[in-house]
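Take the sequence shown: its position 127, counting from 1, is numbered 1187 in the working numbering, and each next residue is one higher.
Using N, Cα and C, we set each Cβ at its ideal position, and we do this for glycine too.
Below: one structure, written as structure tokens.
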Amino acid sequence: MPDTCVVLMKKEIGDIPFMGDFGRLSQDAVFIDRQKHKDAIGALNQAGQIIKERNASVFLYPEGTRTYQTTNDLLPFKKGVFHLAVGSHLPILPIVIESYHSISNFRNFVFRGGDIKVKILPPISTEGLTAADVTDLSGKCYESSKKQQQSK
């Protein structure tokens, strides 16, 4: 596992005290403007450059957002991150986090103590894949994550 990890964050996090400052000061944070497709692609390309230059990994939510649902339902995965993985020839290491609604309410900034189960699934190779394979790759990752969630 690489020592450096690129964190992709929505642009709006830059307006949050401390979190935005941390992101701007970090050499390994990339802000994405999800409203501007062209800018989002540029941010993914920037992340790809960091990955190659620093032998870094990437941490992100493939759903493109947190969900405030009280169930373990997955939102559809965005394909941009899979283009990034294929273009960087990086394996994907799916990590499934159980719903944490019982210990946190992000809308009201209320947090309680408790346990959250995290499951690391087997890596999925991107070797030999092209942009034409991204839809299938995204589906494979989605289905393996969904299956893990339903097994709880």
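For this session: Could you tell me the distance, in whole angstroms, from the CA atom of G1080 to the CA atom of D1088?
Result: Distance between G1080 and D1088, taken at the CA atoms: about 13 Å.
For this session: Let me know the beta strand (DSSP E) ranges lying completely inside the stretch 1169 to 1204, each 3 residues or longer, listed in chain order.
Result: Listed in chain order, the complete beta strand (DSSP E) runs (minimum 3 residues) inside the stretch 1169 to 1204 are 1178 to 1180.
Exercise. CB-CB under 6 Å to K1206, same chain, minus the five flanking residues each way: which ones, in chain order?
Worked result: So the list reads L1134, once near-sequence residues are dropped.
Exercise. To which residues does DSSP link L1068 through a beta bridge?
Worked result: Assignment of beta-bridge partners to L1068 by DSSP yields V1090.
For this session: Could you check if G1188 is buried or exposed, using at least 16 other CB atoms within 10 Å of its CB as the buried criterion?
Result: Exposed, by the Cβ-count rule.
Exercise. Buried or exposed: which applies to A1100, given that a residue is buried once 16 or more other Cβ atoms fall within 10 Å of its Cβ?
Worked result: By the 10 Å Cβ count, A1100 comes out buried.
Problem set entry | Option in I1176, L1150, S1148 and I1111 with minimal Cα separation from V1067 | Nearest option by C-alpha distance: I1111.
For this session: Note down the Cα distance separating L1085 from S1148, rounded to an integer number of angstroms.
Result: Cα-Cα distance, rounded: 24 Å.
Exercise. Which value, in whole angstroms, describes the spacing of the CA atoms of Q1109 and P1136?
Worked result: Counting only the Cα atoms, P1136 lies some 26 Å from Q1109.
Exercise. What residue from F1078, D1063, G1083 and P1154 has the CA that sits closest to K1071's CA?
Worked result: Checked all of F1078, D1063, G1083 and P1154; the closest Cα to K1071 is G1083.
Exercise. What distance in whole Å lies between the Cβ atoms of T1064 and N1115, which are believed to be in contact at a cut-off of 8 Å?
Worked result: About 7 Å separates the two Cβ atoms, so the contact holds.
Exercise. What number of angstroms, rounded off, separates the C-alpha of Y1121 from the C-alpha of Y1202?
Worked result: Straight through space, the alpha carbons of Y1202 and Y1121 are spaced by roughly 12 Å.
For this session: Round the Cβ separation of K1179 and V1156 to the nearest angstrom and send it over; I've been treating them as touching at under 8 Å.
Result: Indeed, because the Cβ distance is near 5 Å, the residues count as touching under 8 Å.
Exercise. Are S1204 and L1181 close, meaning C-beta to C-beta below 7 Å?
Worked result: Yes, they are a contact pair.
For this session: Can you tell me the Cβ-Cβ gap for H1143 and V1194, rounded? I've got them flagged as a contact below 8 Å.
Result: Between V1194 and H1143 the Cβ distance is about 6 Å, and since that is below 8 Å, they are a contact.
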